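One structure is given below, encoded as structure tokens.
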Amino acid sequence: MLYSKIHNVFVDVNYLINKNQVHAIFGPLTQQEAALFSGFDDEAYKGIPIISLSPAVTYSMLLLEEPTSLIQMSNDVNSQTQCVAALIGYFKWRKVIALYKISNSLSNVDSGLITYLSDSLKVVDSTVEYHLAFPPLFSVSNSKSLIKEELEKLRTKNVKVFVVVQCSLHFGLVLFEMATGMGMIGKGYVWIISDNMASLLDSIEPSVLLNMQGVIGFKANVNEKTESFREFNVKFRRKYRSEYPEEEGYPSPSSYALKAY
4 MLYSKIHNVF
14 VDVNYLINKN
24 QVHAIFGPLT
34 QQEAALFSGF
44 DDEAYKGIPI
54 ISLSPAVTYS
64 MLLLEEPTSL
74 IQMSNDVNSQ
84 TQCVAALIGY
94 FKWRKVIALY
104 KISNSLSNVD
114 SGLITYLSDS
124 LKVVDSTVEY
134 HLAFPPLFSV
144 SNSKSLIKEE
154 LEKLRTKNVK
164 VFVVVQCSLH
174 FGLVLFEMAT
184 GMGMIGKGYV
194 WIISDNMASL
204 LDSIEPSVLL
214 NMQGVIGFKA
224 NVNEKTESFR
234 EFNVKFRRKY
244 RSEYPEEEGY
254 PSPSSYALKA
264 Y
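To convert, take the position in the sequence shown, counting from 1, and add 3; that gives this note's numbering.
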């Protein structure tokens, strides 16, 4: 089934590139999938950048080198799971529950995140007791009911340390809204989020964060003291204010905005 889906994608992309003069490939492609595109001898593929939104994983055993045309927007998964494991090891939490939202139905990179987290936790004598995968919100009729139902199941378990390995900002905000309403945020519970949500929190309204008081997050460090960043920050805020004049405050650009720039 997986091979069939990937094959269909390649057929569609090949048609678009040859018929419509595509200038870039953008989507949740893994490094292996990007390598397949880059490895084609067809001249139509030469020089076409591939912008991937999938979690970046180091495939030292699978790929000799990263495709030169690949632009990876996400940060390295290994670094993130090691940060999470270091925190969990410090507080001696021996068991955790891992959650993630499925982002790429064409590959197993999403479920592979649990493997990377498990490997990192073994180093600090901890383990993933249970993991839960949520479907994309657009694929369900009532996303809040689904999340609440799953949280009800998690609340009955003895483990109260939750690691949100991967999720979109929208999904994360809905998740914590429901968890707060169910009394699962605060004393007795630990919630840890990864970079793909934490890096975007600076760009949302402070009132939205009320449902996330006490949540711990890791995000990529950006050197804000450089001249180039200060110039970008001024441009970002000016453009943001012109497009969203009704918004209050001056949001800071995320690492994703900086990468896109």
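Using N, Cα and C, we set each Cβ at its ideal position, and we do this for glycine too.
Please read these numbers as outputs of a predicted model, since none were measured by experiment.
DSSP lists Gly30 and Gln75 as the bridge partner or partners of Ser55. Assignment of Phe232 by DSSP, reduced to helix, strand and coil, places it in the helix class. Collapsing the DSSP output to three states places Glu132 in a strand. In this structure, the alpha-carbon of Ser202 lies about 6 Å from that of Ser258.
Gln169 is a Cβ neighbour of Tyr103, given a cutoff of 8 Å. From the listed residues Leu213, Lys228, Glu251 and Tyr264, the smallest Cα separation to Lys238 is found for Tyr264. Straight through space, the alpha carbons of Ser245 and Pro209 are spaced by roughly 20 Å. Secondary structure at Ala223: coil, using DSSP grouped into helix, strand and coil. Scanning its chain for C-beta atoms nearer than 6 Å, with the 5 sequence neighbours on each side dropped, one finds around Val167 the residues Leu102 and Ile196, in chain order. Residue pairing by DSSP places Lys104 opposite Phe137 in a beta bridge. If you check the CB distance, Phe235 and Pro254 do not come in under 8 Å. Annotated three-state conformation of Ile207 is coil, per DSSP. Below 8 Å, too few C-beta pairs join the segment 218-227 and the segment 124-141 to call them touching: fewer than three. When DSSP reads this structure, Ile196 sits in a beta bridge with Val167 and Gly220. Take the alpha-carbon of Leu149 and the one of Ala136: they are about 12 Å apart. If the five residues before and after Gln83 are omitted, its C-beta is found closer than 7 Å to the C-beta atoms of Ser197, Asp198 and Phe221, all from its own chain and listed in chain order. The Cβ-Cβ distance between Ile188 and Phe174 does not fall below 8 Å. Closest in alpha carbon position to Ile74, among Leu176, Met181, Ile54 and Ser121, is Ile54.
With respect to Leu157, Met181 sits apart: the two C-beta atoms are not nearer than 8 Å.
Rounded to whole angstroms, the Cβ separation of Val164 and Val211 is 24 Å, and the two are not in contact under 8 Å. Our two residues, Ala260 and Ser206, have alpha carbons roughly 10 Å apart in a direct line. Spatial neighbours of Gln85 in its own chain (CB-CB distance under 7 Å, excluding positions within 5 residues in sequence) are listed in chain order as Ser123.
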